[in-house]
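For reference, each letter of the sequence shown is one residue, going 189 to 256 in our numbering.
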Amino acid sequence: MNQDNFNMEIRKYLKKIGITSQREIANIVNQSISDGKLTGNETLKASAKIMLHDINFELEIDGEISLD
């Protein structure tokens with residue numbers, strides 16, 4: 189295994205996750221504020237799960253996103 193290539197592939201995948209999830213979260217939060225479901229000063233509980241199906245690996249990361 190080429191360790192440098194492997195690390196680069198992981199970084200590319202995580203960058204894709206970061207960009208996509210940030211855009212989608214921003215869209216749904218803005219829509220929820222527009223719809224009156226959120227006021228814009230909440231702290232939202234969040235979780236993300238990464239899975240590697242071929243080796244039965246799961247990683248879940250919990251956190252919070254403050255809108256204030």
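Don't be surprised by glycine CBs; every beta carbon is placed ideally from N, CA and C.
Treat the numbers as computed from the prediction; the structure is a model and nothing was measured.
Checklist entry - How many Å lie between Q219 and L247 at the Cα? => result Taking the first residue of the sequence shown as position 1, residue 219 is located at position 31. Taking the first residue of the sequence shown as position 1, residue 247 is located at position 59. Rounded to whole angstroms, Q219 to L247 spans 29 Å at the Cα level.
Checklist entry - If S254 sits next to T231, beta carbons under 8 Å apart, how far is it from one beta carbon to the other, in whole angstroms? => result In the sequence shown, counting from the first residue as 1, residue 254 sits at position 66. In the sequence shown, counting from the first residue as 1, residue 231 sits at position 43. So it is a contact: roughly 5 Å between Cβ atoms.
Item to check | Nearest-angstrom Cα separation, counted from G228 out to L202 | outcome: Along the sequence shown, read from residue 1 onward, the residue named residue 202 stands at position 14. Along the sequence shown, read from residue 1 onward, the residue named residue 228 stands at position 40. Roughly 28 Å between the two C-alpha positions.
Checklist entry - Whose C-beta lies closer than 8 Å to the C-beta of E212 among residues of the same chain, with five residues either side of it excluded? => result Numbered from 1 along the sequence shown, position 24 holds the residue referred to as residue 212. Closer than 8 Å at Cβ, skipping near neighbours: no residue.
Item to check | Run of the beta strand (DSSP E) containing E246, from where it starts to where it stops | outcome: Working through the sequence shown from its first residue, we reach residue 246 at position 58. Note, E246: beta strand (DSSP E), F245 to S254.
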